[in-house]
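The sequence shown begins at 1 in the UniProt record's numbering and counts up by one.
The C-beta atom is built at its ideal place from N, Cα and C for all residues, glycine as well.
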Amino acid sequence: MTDKLPPNLLALFAPRPPLRYLPPSDHAQEERKTANITGVAQFLDQLRQPDDSYQPTESWLQRRDRIKLEKKEKEEKHLTEGFAKYNPSDDSQVRGDAFKTLFVARLSYDAKESDLEREFGRFGPIERIRIITDANADNPKKVHRGYAFIVYEREKDMKGIKPLPSWNFSITSRSLVATICP
């Protein structure tokens, strides 16, 4: 069928030149000089005698199980010791009456005490603001835990927040949740 094409199109269907010959990179099979293949029967005596200095490596499954177990033990230890050490009456940071205290949650990590005072100071005079900080913080941007306590001078000032139509406030474009403590 291609013989009926004009010569300029026949040139497109011409076969390519043959590949260039390269000598083989490997030795011929009969010229190879490799070690003879023998059985393993001569090594069976060594396999039957265990090596005392052998330390088996930990597989990834064993490692995963070990880490889970260590984490669980650490949590249980933290719970048992935490309850034994927990004594809120000895906390030096606890001040003020619980009925005058407002709990603020979902606090932005950029928020400062001045921001809270500006937002919640309009309801009445504030005695103390405490943003809870994490002493063991790994991330320097997240120094505080994201919640705070605001103690008002009078209980009725704090109760004035409750009847507001919007019980949520926002500081630094993050909505807060405010709740009366007791």
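Review point. So what does Arg63 bridge to, in DSSP terms?
Key: Arg63 is bridged by DSSP to nothing; it lacks a bridge partner.
Check your understanding: Alpha carbon to alpha carbon, what distance is there between His78 and Ala84?
Key -> 10 Å
Review point. Which residue comes first and which comes last in the beta strand (DSSP E) that contains Ser114?
Key: Careful: Ser114 lies outside any beta strand (DSSP E), inside the alpha helix (DSSP H) at Glu113 to Phe120.
Practice item. Would you kindly report the start and end of the unbroken alpha helix (DSSP H) that includes Leu10? Key: Element bounds for Leu10: Pro7 to Leu10.
**Study point:** the segment 64-76 in contact with the segment 121-135 per 3-pair CB rule at 8 Å
**Key:** no
Check your understanding: Does DSSP put Thr80 in a helix, a strand or coil?
Key -> helix
Exercise for review: In the DSSP assignment, find the unbroken beta strand (DSSP E) run with Arg48 in it and report its ends.
Suggested key: No beta strand (DSSP E) contains Arg48, which is instead part of the alpha helix (DSSP H) from Leu44 to Arg48.
Review point. Cα separation between Ile171 and Tyr152?
Key: 19 Å
Practice item. Please determine, among Arg154, Arg20 and Asp3, the residue with the shortest C-alpha to C-alpha distance to Leu12. Key: Asp3
Review point. Does the segment 88-98 touch the segment 55-67, meaning 3 or more C-beta pairs lie closer than 8 Å?
Key: no
**Study point:** Proximity below 8 Å, CB of Ser173 to CB of Arg106
**Key:** no
Exercise for review: Please look up how many angstroms separate the CB atoms of Ile129 and Ile150, rounded, as I've assumed it's under 8 Å.
Suggested key: 5 Å
**Study point:** Burial state of Ile161 (16 or more Cβ within 10 Å)
**Key:** buried
Practice item. Would you please state the rounded distance, in angstroms, between the beta carbons of Glu155 and Phe103? I believe it to be under 8 Å. Key: Incorrect: roughly 15 Å between the Cβ atoms, too far for contact.
Practice item. Might you give, ordered along the chain, the residues of its own chain that have their beta carbon closer than 6 Å to the beta carbon of Gly146, omitting 5 neighbours on each side? Key: Leu107
Review point. How would you label Tyr43, buried or exposed, when you count the other beta carbons within 10 angstroms and need 16 or more for buried?
Key: At residue 43 the sequence reads Phe, which differs from the Tyr that was named. Answer is exposed; the Cβ neighbour count stays below 16.
Review point. In terms of residue numbering, what span does the beta strand (DSSP E) encompassing Glu127 cover?
Key: Ile126 to Thr133
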